[in-house]
Amino acid sequence: MLRQMVEVNLWSGLKAYTGGTQKVEVEAKNVGELLRGLVQAYPDLEPTIEAGVSVAVDGRIIASSLTEPITPESEIYLIQRLKGG
Amino acid sequence: MAPDGNMTNGFKVVGTRPKRPDGIDKVTGRAKFGADATAPGMLHASIVRSPHAHAKILKIDTSKAEALKGVKAVVTRADFAEGLTGENWNILENVMASDTALYDGHAVAAVAATTALGARDAAKLIEVEYELLPHVTDVDKAMADDAPVIRAGAADKSVPEGLHPNVVRYHESGHGDVDKGFSEADLVVEDSFKTEATHQGYIEPHACLAQLGSDGKGEVWCCTQGHFNVQKVCAALVGTDSSQIRVTPSEIGGGFGGKTVVFIEPVALALSRKANRPVKLVMSRSEVFRATGPTASTSIDIKIGMTREGKITAAQGVFRLQGGAFPGAPMEFTAMCAFAPYSLENVHQVGYDVMSNRPKQAAYRAPGSPMAAFAVESVIDELCNKLDLDSIEVRLKNASKEGTKASYGPKFERIGLVETLEAAKAHPHLTSPLAEGQGRGVSCGFWFNHGGETAVSLALSEDGTVAISVGTPDIGGSRASMAQMAAEELGIPYESIRTTVADTATLGYNEISHGSRVTYASGLATIKAARDAVKKLCGRAAAKWGIDEDAVVWEDGCAKPSGPNAGDFEPLPLAKIARSMGRTGGPIVGHYEATPEGAGVSFATHIVDAEVDKETGQTKIVRYTVVQDAGKAIHPTYVEGQFQGGAAQGIGWALNEEYIYGEDGRLQNSGFLDYRIPVASDLPMIDTVIVEVPNPGHPYGVRGVGETSICPPLAAIANAVSNAAGVRLTELPMSPPRILAALDAQANG
Amino acid sequence: MSMIHVTTTVNGDEVEFLCDPRETLLDVLRDRLSLTGAKEGCGTGDCGACSVTVDDRLVCSCLMLGAEAEGKSIGTIEGMADGEALHPLQEKFIEYAALQCGVCTPGVLVATEALLKKNPDPTETEVRYWLAGNLCRCTGYDKIIRAVLDTAADLRKAS
Numbered sequence: 103m104l105r106q107m108v109e110v111n112l113w114s115g116l117k118a119y120t121g122g123t124q125k126v127e128v129e130a131k132n133v134g135e136l137l138r139g140l141v142q143a144y145p146d147l148e149p150t151i152e153a154g155v156s157v158a159v160d161g162r163i164i165a166s167s168l169t170e171p172i173t174p175e176s177e178i179y180l181i182q183r184l185k186g187g
Numbered sequence: 015m016a017p018d019g020n021m022t023n024g025f026k027v028v029g030t031r032p033k034r035p036d037g038i039d040k041v042t043g044r045a046k047f048g049a050d051a052t053a054p055g056m057l058h059a060s061i062v063r064s065p066h067a068h069a070k071i072l073k074i075d076t077s078k079a080e081a082l083k084g085v086k087a088v089v090t091r092a093d094f095a096e097g098l099t100g101e102n103w104n105i106l107e108n109v110m111a112s113d114t115a116l117y118d119g120h121a122v123a124a125v126a127a128t129t130a131l132g133a134r135d136a137a138k139l140i141e142v143e144y145e146l147l148p149h150v151t152d153v154d155k156a157m158a159d160d161a162p163v164i165r166a167g168a169a170d171k172s173v174p175e176g177l178h179p180n181v182v183r184y185h186e187s188g189h190g191d192v193d194k195g196f197s198e199a200d201l202v203v204e205d206s207f208k209t210e211a212t213h214q215g216y217i218e219p220h221a222c223l224a225q226l227g228s229d230g231k232g233e234v235w236c237c238t239q240g241h242f243n244v245q246k247v248c249a250a251l252v253g254t255d256s257s258q259i260r261v262t263p264s265e266i267g268g269g270f271g272g273k274t275v276v277f278i279e280p281v282a283l284a285l286s287r288k289a290n291r292p293v294k295l296v297m298s299r300s301e302v303f304r305a306t307g308p309t310a311s312t313s314i315d316i317k318i319g320m321t322r323e324g325k326i327t328a329a330q331g332v333f334r335l336q337g338g339a340f341p342g343a344p345m346e347f348t349a350m351c352a353f354a355p356y357s358l359e360n361v362h363q364v365g366y367d368v369m370s371n372r373p374k375q376a377a378y379r380a381p382g383s384p385m386a387a388f389a390v391e392s393v394i395d396e397l398c399n400k401l402d403l404d405s406i407e408v409r410l411k412n413a414s415k416e417g418t419k420a421s422y423g424p425k426f427e428r429i430g431l432v433e434t435l436e437a438a439k440a441h442p443h444l445t446s447p448l449a450e451g452q453g454r455g456v457s458c459g460f461w462f463n464h465g466g467e468t469a470v471s472l473a474l475s476e477d478g479t480v481a482i483s484v485g486t487p488d489i490g491g492s493r494a495s496m497a498q499m500a501a502e503e504l505g506i507p508y509e510s511i512r513t514t515v516a517d518t519a520t521l522g523y524n525e526i527s528h529g530s531r532v533t534y535a536s537g538l539a540t541i542k543a544a545r546d547a548v549k550k551l552c553g554r555a556a557a558k559w560g561i562d563e564d565a566v567v568w569e570d571g572c573a574k575p576s577g578p579n580a581g582d583f584e585p586l587p588l589a590k591i592a593r594s595m596g597r598t599g600g601p602i603v604g605h606y607e608a609t610p611e612g613a614g615v616s617f618a619t620h621i622v623d624a625e626v627d628k629e630t631g632q633t634k635i636v637r638y639t640v641v642q643d644a645g646k647a648i649h650p651t652y653v654e655g656q657f658q659g660g661a662a663q664g665i666g667w668a669l670n671e672e673y674i675y676g677e678d679g680r681l682q683n684s685g686f687l688d689y690r691i692p693v694a695s696d697l698p699m700i701d702t703v704i705v706e707v708p709n710p711g712h713p714y715g716v717r718g719v720g721e722t723s724i725c726p727p728l729a730a731i732a733n734a735v736s737n738a739a740g741v742r743l744t745e746l747p748m749s750p751p752r753i754l755a756a757l758d759a760q761a762n763g
Numbered sequence: 183m184s185m186i187h188v189t190t191t192v193n194g195d196e197v198e199f200l201c202d203p204r205e206t207l208l209d210v211l212r213d214r215l216s217l218t219g220a221k222e223g224c225g226t227g228d229c230g231a232c233s234v235t236v237d238d239r240l241v242c243s244c245l246m247l248g249a250e251a252e253g254k255s256i257g258t259i260e261g262m263a264d265g266e267a268l269h270p271l272q273e274k275f276i277e278y279a280a281l282q283c284g285v286c287t288p289g290v291l292v293a294t295e296a297l298l299k300k301n302p303d304p305t306e307t308e309v310r311y312w313l314a315g316n317l318c319r320c321t322g323y324d325k326i327i328r329a330v331l332d333t334a335a336d337l338r339k340a341s
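Residue numbers (this note's numbering), protein chains in the order written: chain V, 103 to 187; chain A, 15 to 763; chain E, 183 to 341.
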């Protein structure tokens, strides 16, 4: 199986956990692998990710589906999980 | 089968306006709300609340209460689960204080007795000894160096060093170079804004009826936006398993976000366990105001640069949200929504979540977004005025569209902001003349919307009618819209379908009815469950005809043979297949269990005319128009209702509603007399325009509509009032004293 | 505290009950007579969700004591329909979707029926001021006002 690296944009408040970078690369083919990869590379992100984050994949906000596929071309943003009224 | 994806026509039932299935119950007084249930042997409960904003609880003496005739149980924190962590600990701490009362109204004990009056008498006999601590209720004061600390160590790692411990979370986002952008502007406007906390103001106070046995098995009946969440939280707080607690949702008398939170159900369960009898617990209005979620109050700084032609070159905002005595104020959504309507090369936003001695804030319709829009859209209006530009044209020039990089990062999919602006521009309201003393304001607003865990089951009866079970409490007519979508798919009449909001034992986990998710997510789940049932119906027809399943299609409520080799058979209607289903393979039930992820963001543009009496400072809303993208309106009347309701709540927030705390940290207006929500004579008719730009993530194109309608009003009204008064109003509510003060300051200054 | 014996008429039926002197009429209707159509939204007479008529006068039942019902004639939402035939206001409220959550609806309907008895041809402003004591948080009142005006017009035509 080919290794697939994807670029993840974090919100800048998370720079405190990634040694100052806001754009990180992890190996992942879906959202679940991406979140696991982030925690593996930056263990300090774990509480934030555990507390709940959403992943925007090409503009679509993925709140919970760990199986949502991603490709190296996907535009990926980590954003806080939504709570509505 | 119904047309799929991005269709705005071709529907038979979707887009029509059938009568609501709960209509007769609700006009005859039969509908059962939270406080309308009783049980044999039922006790009534009352909660003892702290009268202090911040105080150490030294001692709770319950002996006199327990000695009162008719009293069957008293609980304090010791009667709840121990060792909770994270959010469960926060919820329990809010439900029942441990060693410190953190706000006026914080629960410290509760009592159950044979009558409601007896419970109230007993509550008065519970003696609590407090040691007063210094308190703070204002957001800016809570961040100041000398502010008392609400809870040391509550801050997470996102908070930069050097900030007060009451700042518990920090957010920063944006892109480009704002300094460079500001240097390219012909005009830069910078201003600061404040908004007070408001309450969701649902007319039905929180109420529940609960029973819990010593075996850990329990039943809860309550008014809630999310009974599966009630089940989960109650199990944790009383120390039992989720599966042992069955929660049945009542009709819900308004929520607007405020009933996404658990307050009283664990208390009733704990009392019930002790008394071994069912316990009813109903909040008073004063308790609702003092102890349930208002919004965050805010302090906001906005700076926007614009060229002479109306192009925004840079925008930045600082958003400080006071969220009460617990972390969780939605400052990241305030920051993320603030500039979302605009395509910006340079944008930067910072958010602070600040604790204070107030009740824990709760979600209120698009939590965090209306305050952001108020500040941002006021500055845009100011820029338009100073540069003599048309406010709609400027918004159109800068509007986000498909492919725009959103201010919060990702690119937008198909969105309908431009369409709402064009519809507003074409609306006669915008060109109608204004009378003396009147001003006009416009504003855009944005909200994300949400999907979330959803499970729906759709069962056929032998007579060919259908029962749908959904797990999302009906807060806006969703039982009707679910039946419409199922009717569309199945090809049977709307009247042949009944939708029930099922209890927690009936379906898989359903996320709360929040985030404008119900018509989107439960709707999508209903469509998929109907398609699952259709597949089974086609299978039965294929078996009967002895042909391949793939050679059967579903059209107009019938299975029909299709394709060159299918053969020639009479179409089989749903009722006919249903009648024999017991003999052809058993009951037919369609299911859908998943977490739909295609919620489509939504935008609105509002136009409002306000008349300001400069003698008294009184404002009257004389005309109001809501234009919003609904994606696809399943039941247009209910969509209009959401638009109108959101606008009306926004009018209250803008002009009247506010939490008023005294020097002593006590809430001074905990009733509808002094906390004044709009009444019928305050409002004009509210005109609505439904724009339909389909959401690519829903089979029919549905976007959530419930929340976006409250995003633009604060700003639109502030712009109208400022234009009418001739002075910029930067604090909400724009009550008569504030307007007079602003006029005085201008005259003197 | 000793209980008070009260004889009264509710929706045309004679009823008797015992109540604590502190109990409101609303408490009695809901807890002793199982008429839960009237709701307690505030308990202070501000929201109108508990609206009933007492000898044809519109009152907030949370502001009146149960004991004061002695000898009076009480009308509640449960008495509005005539058997299975809904009152025209009830029909129109469903048709216009003049309700969302429905918790204020019983009070709004009772108040509106009282208005139309006094004034069969109210202006929009008169309806708005009459209903100013009935809070609705869902609808923004628009569809309620339209439903009331349209019912009034229908009733005038019919009479």
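The beta-carbon is built from N, C-alpha and C at its ideal position, and this holds for glycine as well.
Going residue by residue through the stretch 157 to 191 of chain A, where are the continuous beta strand (DSSP E) segments of at least 3 residues, counting only ones entirely within it?
Taken in chain order, the unbroken stretches of beta strand (DSSP E) that lie wholly in the stretch 157 to 191 of chain A and span 3 residues or more are 181 to 189.
Does the Cβ of residue 243/A have 16 or more other Cβ atoms within 10 Å, making it buried, or fewer, making it exposed?
In the second sequence, the residue the question calls residue 243/A occupies position 229. It counts as buried.
Interfacial residues, the stretch 335 to 362 of chain A to chain V, with Cβ spacing under 8 Å:
344, 346, 347, 350
Below 7 Å on C-beta distance, what does residue 254/E contact in chain A?
By 1-based counting over the third sequence, the position of residue 254/E is 72. Here the premise fails: no neighbours, minimum Cβ distance about 20 Å.
Does the separation of the CB atoms of residue 300/A and residue 660/A fall below 8 Å?
Within the second sequence, the letter at position 286 stands for residue 300/A. Within the second sequence, the letter at position 646 stands for residue 660/A. In this structure, residue 660/A does not lie closer than 8 Å to residue 300/A by Cβ.
Quick one: is residue 279/E near chain A, going by C-beta distance under 8 Å?
What you label residue 279/E is simply residue 97 of the third sequence in a count that begins at 1. Yes, its Cβ sits closer than 8 Å to a Cβ of chain A.
Just the Cα atoms here: how many angstroms apart are residue 293/E and residue 211/E?
Against the third sequence, residue 293/E aligns to sequence position 111. Against the third sequence, residue 211/E aligns to sequence position 29. Cα to Cα, the separation comes out at about 17 Å.
Cα separation between residue 598/A and residue 585/A?
Residue numbering aside, residue 598/A sits at position 584 when the second sequence is read from its first letter. Residue numbering aside, residue 585/A sits at position 571 when the second sequence is read from its first letter. Distance between the alpha carbons of residue 598/A and residue 585/A: 17 Å.
Going by DSSP, which residues form a beta bridge with residue 171/V?
Position 69 of the first sequence, counting from 1, holds the residue named residue 171/V. DSSP links residue 171/V through a beta bridge to 132/V.
Secondary structure of residue 190/E, DSSP reduced to three states:
Within the third sequence, residue 190/E is the residue found at index 8, counting from 1. Taken through DSSP and simplified to helix, strand or coil, residue 190/E comes out as strand.
What distance in whole Å lies between the Cβ atoms of residue 321/A and residue 456/A, which are believed to be in contact at a cut-off of 8 Å?
For the purposes of this step, residue 456/A is taken as residue 442 along the second sequence, with counting starting at 1. For the purposes of this step, residue 321/A is taken as residue 307 along the second sequence, with counting starting at 1. At roughly 20 Å, the Cβ-Cβ gap does not stay under 8 Å, so residue 456/A and residue 321/A are not in contact.
By the DSSP assignment, the beta strand (DSSP E) with residue 552/A in it spans what residues?
Within the second sequence, the letter at position 538 stands for residue 552/A. Not the beta strand (DSSP E): residue 552/A falls in the alpha helix (DSSP H), residues 537 to 559.
Residue 202/E: contacting residues in chain A (beta-carbon distance under 8 Å)
As a first step, residue 202/E is located in the third sequence; it is residue number 20 there, counting from the start. Neighbours of residue 202/E on chain A, chain order: 129, 131.
Taking only beta-carbon positions, decide if residue 270/A is within less than 8 Å of chain V.
Along the second sequence, one-based indexing puts residue 270/A at 256. True, the Cβ-Cβ gap to chain V drops below 8 Å.
Starting from the beta carbon of residue 299/E, find every residue of chain A whose beta carbon is closer than 9 Å, and list them in chain order.
Here residue 299/E refers to the residue found at position 117 of the third sequence. Residues of chain A passing the Cβ test: none, with the nearest at roughly 18 Å.
In this structure, what does DSSP give as the bridge partners for residue 649/A?
Here residue 649/A refers to the residue found at position 635 of the second sequence. Answer is none; residue 649/A lacks a bridge partner.
Residues that DSSP places opposite residue 111/V in a beta bridge
In the first sequence, the residue the question calls residue 111/V occupies position 9. For residue 111/V, which the question treats as bridged, DSSP gives the partners 125/V, 179/V.
Please report the residue range of the alpha helix (DSSP H) in which residue 593/A lies.
In the second sequence, counting from the first residue as 1, residue 593/A sits at position 579. Looking at the DSSP string, the run of the alpha helix (DSSP H) that includes residue 593/A is 588 to 593.
So residue 613/A contacts chain V; which residues on that side make the cut at Cβ distance below 9 Å?
Counted from its first residue, the second sequence places residue 613/A at position 599. Neighbours of residue 613/A on chain V, chain order: 162, 163, 165, 184.
Measuring only between beta-carbons, confirm whether residue 680/A sits less than 8 Å from chain C.
As a matter of chain content, chain C is missing from the structure shown, whose protein chains are V, A and E.
Hey, residue 288/E and residue 220/E: beta-carbon distance below 8 Å or not?
Here residue 288/E corresponds to residue number 106 of the third sequence, with the count starting at 1. Here residue 220/E corresponds to residue number 38 of the third sequence, with the count starting at 1. Taking 8 Å as the Cβ cut-off, residue 288/E and residue 220/E qualify as a contacting pair.
Which stretch, first to last residue, makes up the beta strand (DSSP E) that contains residue 620/A?
Your numbering for residue 620/A matches position 606 in the second sequence. Note, residue 620/A: beta strand (DSSP E), 616 to 626.
Note down, in chain order, all residues in the stretch 186 to 214 of chain A with a beta-carbon under 7 Å from any beta-carbon belonging to chain V.
186, 187
Given that residue 220/A touches chain V, what residues does it touch there, using C-beta distances under 8 Å?
As a position in the second sequence, residue 220/A is number 206, starting the count at 1. In chain order: nothing, as chain V lies at least about 16 Å away.
Which residues in the same chain as residue 314/A place their Cβ atom closer than 6 Å to its Cβ, once the five residues preceding and following it in sequence are excluded?
Locating residue 314/A in the second sequence gives position 300, counting from the first residue. Contacts found: 207, 333, 389.
To the nearest angstrom, how far is the alpha carbon of residue 258/A from that of residue 279/A?
Position 244 of the second sequence holds residue 258/A. Position 265 of the second sequence holds residue 279/A. Between residue 258/A and residue 279/A, the C-alpha separation is close to 15 Å.
Could you say if the stretch 120 to 130 of chain A and the stretch 54 to 68 of chain A meet the contact criterion of at least three C-beta pairs nearer than 8 Å?
yes
Where do the N-terminal and C-terminal ends of the beta strand (DSSP E) with residue 262/A fall, by residue?
Here residue 262/A corresponds to residue number 248 of the second sequence, with the count starting at 1. It spans 259 to 263 - the beta strand (DSSP E) in which residue 262/A sits, taken as one unbroken run.
By how many angstroms is the C-alpha of residue 486/A removed from the C-alpha of residue 167/V?
For the purposes of this step, residue 167/V is taken as the residue at position 65 of the first sequence. For the purposes of this step, residue 486/A is taken as the residue at position 472 of the second sequence. C-alpha separation (whole angstroms): 19 Å.
Around the C-beta of residue 72/A, are 16 or more other C-beta atoms found within 10 angstroms, so that it is buried, or is it exposed?
One-based indexing of the second sequence puts residue 72/A at position 58. Result: exposed.
Does residue 187/E pass the burial test, meaning 16 or more other C-beta atoms within 10 Å, or should it be called exposed?
Your numbering for residue 187/E matches position 5 in the third sequence. That one is exposed.
On the premise that residue 622/A lies in contact with residue 734/A, defined as a C-beta separation below 8 Å, what is that separation, rounded to the nearest angstrom?
Mapped onto the second sequence, residue 734/A falls at position 720. Mapped onto the second sequence, residue 622/A falls at position 608. About 5 Å separates the two Cβ atoms, so the contact holds.
Please report whether the beta-carbon of residue 176/V lies at a distance below 8 Å from any beta-carbon of chain A.
Locating residue 176/V in the first sequence gives position 74, where the first residue counts as 1. No, its Cβ sits nowhere closer than 8 Å to a Cβ of chain A.
Which first and last residues belong to the beta strand (DSSP E) in which residue 643/A is found?
As a working mapping, residue 643/A is identified with position 629 in the second sequence. Counting along the chain, the beta strand (DSSP E) containing residue 643/A begins and ends at 633 to 643.
Through-space distance from residue 111/V to residue 317/A, alpha-carbon basis:
Position 303 of the second sequence, counting from 1, holds the residue named residue 317/A. Position 9 of the first sequence, counting from 1, holds the residue named residue 111/V. Taking the straight line from one Cα to the other gives about 25 Å.
Since residue 325/A and residue 412/A should fall inside the 8 Å C-beta cutoff, what is the C-beta to C-beta distance between them, to a whole number of angstroms?
Taking the first residue of the second sequence as 1, we reach residue 325/A at position 311. Taking the first residue of the second sequence as 1, we reach residue 412/A at position 398. Contact holds; Cβ gap of about 7 Å.
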